[in-house]
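Notes follow the structure.
In the working numbering, the protein residues as written are 306 to 830.
This is the structure we're talking about:
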């Protein structure tokens, strides 16, 4: 605590507030495209939206039916959500009768084969993206890949880092200092991410079809819905992520070198179950077909499921670990957020402000190395909050001591108050203090959390998860269709769609290398 207070005090007495105004934020938001009867759309990614391979803002994630909206990074607080709003209006004008699902847990899905894998064209880069997804389907099942969420990309400006480095009397090269401090942040994020799951978890129930034929300990009620009475975020549970190979991984967040080394080891280490599966299979016509990129524990870096990732913008054909190793950490990607079904774009401005506070708290407080016992405690805390978090008397592990969720959450929020003061100095007004106070209300009253609001609606209306989610999806569709699109943004998006299709076609026309050679080059150390 003393470490945190000293850092905040130093920042409050310096020109730190001015540097915080330069924080860059971006959002990646996933949404399933469904039919009006509530099943997964089987049609290809609409051509009017451009190329999913090359469009900078509208793409697909795992499935042809899993849209991903990407906002450009901005220092203006309001821009990401405003841009998401415009993207949704544009998309709705080009998807006919289809509807965007607004919950993290998916709509009704029958068989795994009912989930169409995303297609990215015939160029090697596109084939690699599709084969990677085929591999995910074989390894974990396609249904699991339809779980959607929001990723929050966040970076501090160089001026902020220089000021911090000066205040701490650190003489390392600036980028080395930045990378080290981002890893401090990621370790504390793992220790305290249970708080985000409690405050913003919005998946306490799911459609029974998602777990058909699988064992689980959820309760069934509300018309073919599965739930836990005090659950917060079943999306963040182990229900979807069946991965025995990954469970044995020990990816280190203690520093950049260890992170790259342990991740690279997983990418280069064969997994017997995947070797048995085979990298290629022969189809009915006698042709060889890839069903995964390789038989290693991880096909590529992105296969490692983590609630936070240190990131660096990659060059074409460059591996993420190579970019990190050569140029250091540029930003972080927070991946622990459910879609908020009560918000048209799945997130609101208040949530963004709290994420700023939470990330900065994780950066400023002391962050010892993560030992195995720390990782175990973090995972156990997360599991408890996922399944029973709205019982705020549950006991969590805090540095070897037992503490109630309510007391620990209140302590964390109190410690963030001077950070909120810093941000309010940077932006004017008291919006950050208000965002913090709103989170304290959720701690004091668990019924105010999104997960509780969802279950209350199911209970009071005697409806199932599917019916609730469908009503919300249709209401948000009406929201977007009833609002006028910005002509300038609309023209920009139409031009980008055409340009992206042309860019993909040009790449396919000039791609001479065989796919085998392309993969060999990509994975060459």
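Glycine included, each C-beta is placed from N, C-alpha and C at the ideal position.
Boundaries of the beta strand (DSSP E) in which residue 458 is found, first to last residue
On the chain shown, residue 458 is found 153 positions in, with the first residue counted as 1. Counting along the chain, the beta strand (DSSP E) containing residue 458 begins and ends at 455–460.
inquiry  = What would DSSP say about residue 412, mapped onto helix, strand or coil?
reply    = Numbered from 1 along the chain shown, position 107 holds the residue referred to as residue 412. Coil, per DSSP.
- Query: Can you give the Cα-Cα distance for residue 575 and residue 621, rounded to whole angstroms?
  - Reply: Your numbering for residue 575 matches position 270 in the chain shown. Your numbering for residue 621 matches position 316 in the chain shown. For residue 575 and residue 621, the distance between alpha carbons rounds to 26 Å.
Note to self: Is the separation between the beta-carbon of residue 632 and that of residue 614 shorter than 8 Å?
What the structure shows: The residue labelled residue 632 in the question sits at position 327 within the chain shown. The residue labelled residue 614 in the question sits at position 309 within the chain shown. Their beta carbons are not under 8 Å apart, which means residue 632 does not touch residue 614 by this criterion.
May I have a chain-ordered list of the alpha helix (DSSP H) segments no shorter than 4 residues that lie completely inside the segment 335–422?
384–397
**Request:** With a floor of 4 residues, list each alpha helix (DSSP H) that falls wholly inside the segment 479–517, ordered by position along the chain.
**Result:** 479–505
Between the CA atoms of residue 783 and residue 598 - distance to the nearest angstrom: Indexing the chain shown from 1 puts residue 598 at position 293. Indexing the chain shown from 1 puts residue 783 at position 478. Their backbone Cα atoms lie some 41 Å apart in a straight line.
Suppose you measure from the CA of residue 329 to the CA of residue 582; what does that come to, to the nearest Å? By 1-based counting over the chain shown, the position of residue 329 is 24. By 1-based counting over the chain shown, the position of residue 582 is 277. Their backbone Cα atoms lie some 43 Å apart in a straight line.
Nearest neighbour of residue 600, chosen from 609, 580, 819 and 731 [CA to CA]
Within the chain shown, numbered from 1, the residue matching residue 600 stands at position 295. If we check each option's Cα against that of residue 600, 580 comes out closest.
- request: Mind checking who residue 587 pairs with in its DSSP beta bridge?
  value: As a first step, residue 587 is located in the chain shown; it is residue number 282 there, counting from the start. Bridge partners of residue 587: 593.
Checklist entry - Given 8 Å as the limit, is there contact between the segment 474–494 and the segment 734–741, that is, 3 or more CB pairs closer than that? => result no
* Check whether the Cβ atoms of residue 539 and residue 413 lie closer than 8 Å to each other. => Translated into the one-based positions of the chain shown, residue 539 becomes position 234. Translated into the one-based positions of the chain shown, residue 413 becomes position 108. No; because the gap between Cβ atoms is not below 8 Å, this pair is not in contact.
Residue 586: buried (16+ other C-beta within 10 angstroms of its C-beta) or exposed?
Start at 1 with the first residue of the chain shown, and residue 586 comes out as number 281. Exposed is the call here.
* Asked: What's the C-alpha gap between residue 277 and residue 751?
  -> With the chain running from 306 to 830 in the structure shown, residue 277 is simply not present.
Counterpart residues of residue 331 in DSSP-defined beta bridges:
On the chain shown, residue 331 is found 26 positions in, with the first residue counted as 1. Residue 331 pairs with 458.
DSSP three-state call for residue 632: helix, strand or coil? If you number the chain shown from 1, residue 632 lands on position 327. Reduced to three states, the DSSP call for residue 632 is helix.
Original post:
Between which two residues does the beta strand (DSSP E) containing residue 613 stretch?
Top reply: Residue numbering aside, residue 613 sits at position 308 when the chain shown is read from its first letter. Note, residue 613: beta strand (DSSP E), 613–616.
Notebook entry, point to check: Which of the three DSSP states, helix, strand or coil, is assigned to residue 817?
Noted result: Taking the first residue of the chain shown as 1, we reach residue 817 at position 512. Note: residue 817 maps to coil in three-state DSSP.
key: Through-space distance from residue 578 to residue 653, alpha-carbon basis   = Position 348 of the chain shown, counted from the start, is the residue given in the question as residue 653. Position 273 of the chain shown, counted from the start, is the residue given in the question as residue 578. Rounded to the nearest angstrom, the two C-alpha atoms are 42 Å apart.
Quick check: the Cα distance between residue 363 and residue 592, rounded to an integer number of angstroms?
Within the chain shown, numbered from 1, the residue matching residue 363 stands at position 58. Within the chain shown, numbered from 1, the residue matching residue 592 stands at position 287. Distance between the alpha carbons of residue 363 and residue 592: 33 Å.
field: Endpoints, the alpha helix (DSSP H) within which residue 756 is located
entry: Taking the chain shown and counting its residues from 1, the one referred to as residue 756 is at position 451. From DSSP, the alpha helix (DSSP H) with residue 756 extends over 755–766.
message = Which residues does DSSP list as the beta-bridge partners of residue 526?
response = Here residue 526 is taken as the residue at index 221 of the chain shown, counted from 1. Answer is 530.
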